[in-house]
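Asker: I have a structure here, written as structure tokens, and I will follow up with some questions on it.
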Amino acid sequence: GKQYDWSSRCYLPDDCRPLPELLVSFATRAVDLLKDAGEIDNTHTFQAAICNLYHAARRPSDRLGGHRDDVEEDTTSPLVTISIGLPCVFLLGKETRSSKPIPLLLTAGSMLVLTNRARQ
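Each number in the numbering used here comes from the position in the sequence shown (counting from 1) with 31 added on.
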């Protein structure tokens, strides 16, 4: 899928291979379920994937810090996360850092779909 340059905070030119069909089908199915429930009203094509690896045994403090997904032009595009490995607590932030985040326990096999305000 598309490659993202974290230093310049932009996607690299479109000379990439397509995402593996299995990942696309997982993400599409999750979004379709939310669409059927009336939670999402649009369809998207998944073009990128990221794998965050945390070394809980070697570095117990490994974590992804709070941030906003503000680079994408369309924040209504769903971001689908699939958890594998050890359980973790995902903190869903709010409008400001002074607001208490919502803790979500993610275990192996959990899927979380973020869209609209949840991506900001």
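The beta carbon of each residue, even a glycine, is placed where N, CA and C say it ideally should be.
Since the model is a prediction, treat every value here as computed from it, not as a measurement.
Under DSSP, the beta strand (DSSP E) around residue 65 begins and ends at which residues?
Answerer: No beta strand (DSSP E) holds residue 65; the alpha helix (DSSP H) holding it covers 52-67.
Asker: Tell me where the beta strand (DSSP E) around residue 113 begins and ends.
Answerer: Element bounds for residue 113: 110-113.
Asker: Which one or two residues does DSSP pair with residue 134 in a beta bridge?
Answerer: The partner list for residue 134 (beta bridge, DSSP) reads 122.
Asker: Please name the residue in 33, 150, 104 and 147 whose C-alpha comes closest to that of residue 80.
Answerer: Residue 33 is the option with its Cα nearest to residue 80.
Asker: Do you know how far the Cα of residue 52 is from the Cα of residue 74?
Answerer: So the alpha carbons of these two residues sit roughly 17 angstroms apart.
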